[in-house]
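Below: the structure, in structure tokens.
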Amino acid sequence: MKYALTFGLRSIDLIGLWLAMLSLRILLGWDFFESGLEKFHGENWFMDIQDKFPFPLSLVAPEISWQMATWFELLGGIALVIGLGTRFFSVSLFVLTFVAIASVHWPESWMNFSELLQGYVFTDKGFGNFKLPVLFLGMLLPLTLLGPGRFSIDHWLRRKYLPESLGDKEKPLQVDDRYLQNPVISSRV
Numbered sequence: 300m301k302y303a304l305t306f307g308l309r310s311i312d313l314i315g316l317w318l319a320m321l322s323l324r325i326l327l328g329w330d331f332f333e334s335g336l337e338k339f340h341g342e343n344w345f346m347d348i349q350d351k352f353p354f355p356l357s358l359v360a361p362e363i364s365w366q367m368a369t370w371f372e373l374l375g376g377i378a379l380v381i382g383l384g385t386r387f388f389s390v391s392l393f394v395l396t397f398v399a400i401a402s403v404h405w406p407e408s409w410m411n412f413s414e415l416l417q418g419y420v421f422t423d424k425g426f427g428n429f430k431l432p433v434l435f436l437g438m439l440l441p442l443t444l445l446g447p448g449r450f451s452i453d454h455w456l457r458r459k460y461l462p463e464s465l466g467d468k469e470k471p472l473q474v475d476d477r478y479l480q481n482p483v484i485s486s487r488v
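Okay, so the sequence shown: first residue is 300 according to the working numbering, each after it adds one.
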């Protein structure tokens with residue numbers, strides 16, 4: 300019984316190495332791509348909110364900001380789905396989402412913390428609507444810190460072109476499979 304439970308949990312852990320990050324990448328990639336597509340086919344409304352952009356982005360011309368946001372969302376969305384440049388695009392889209400929260404989704408004014416929390420919703424009822432972008436930030440964080448997962452072009456490129464270790468060739472760094480639920484860096488014995 301103990302063996303069956305251990306085997307089952309280990310199997311789920313191994314499947315998670317493939318599917319967990321893939322699901323985050325697909326969900327985020329699709330949504331960012333759709334947002335970029337709307338900007339690509341839509342009118343530039345950044346001129347109306349340029350003064351709300353955080354410094355130094357408020358100094359960038361609205362047309363340049365619009366083009367940067369459009370192309371980072373389009374290319375970043377595709378890159379996330381296929382797992383190419385995942386950490387770069389995760390950080391880029393994190394910054395883009397932070398700017399969107401500050402300039403579009405954050406409430407105009409709030410007097411106390413409870414009023415601010417009224418903006419943690421999906422629809423704006425006068426208190427902002429920053430729930431979805433905050434969820435996106437939370438979803439981008441594991442992609443930034445842990446990478447794209449095994450089912451990605453990044454993983455394939457890394458295995459093909461980067462050495463196993465950064466230091467001693469006799470004791471390369473690796474993830475110890477015994478601790479998949481709590482990955483640790485260890486060296487071969």
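C-beta: ideal position from N, C-alpha, C; glycine also.
The way I'd put it, the stretch 313-325 doesn't touch the stretch 335-353; fewer than three beta-carbon pairs between them come closer than 8 Å. Counting only residues of its own chain and dropping the five nearest sequence neighbours on each side, Ile452 has a CB closer than 7 Å to the CB of Ile381, Gly382, Leu383. Met300 carries a coil assignment under DSSP once its states are collapsed to helix, strand and coil.
Membership of Gly376 in the alpha helix (DSSP H) is indicated by the continuous run 361-381. As the crow flies, the alpha-carbon of Ser391 is around 12 Å from that of Thr369.
When the beta-carbon positions are compared, Thr396 and Leu436 come within less than 8 Å of each other. Around the C-beta of Ile400, 16 or more other C-beta atoms lie within 10 Å, and the residue is accordingly described as buried. Put simply, the backbone Cα of Gly307 is about 10 Å away from that of Met300. Phe429 places its beta carbon 8 Å or farther from that of Ile377. In the assembly as shown, Gly448 is a buried residue. Its beta-carbon has 16 or more other beta-carbons within 10 Å. Counting of Cβ neighbours within 10 angstroms places Lys338 among the buried residues, the total reaching 16 or more.
With a contact defined as Cβ atoms closer than 8 Å, Ser334 and Glu372 qualify at about 5 Å. Where Arg457 is concerned, the enclosing alpha helix (DSSP H) starts and stops at 452-460. Annotated as proximal: Leu327 and Leu379, with beta-carbon spacing under 8 Å. With respect to Ile348, Val398 sits apart: the two C-beta atoms are not nearer than 8 Å.
Shown here, Gly315 sits in a helix according to DSSP, grouped into three states. The DSSP-derived three-state label of Pro355 is coil.
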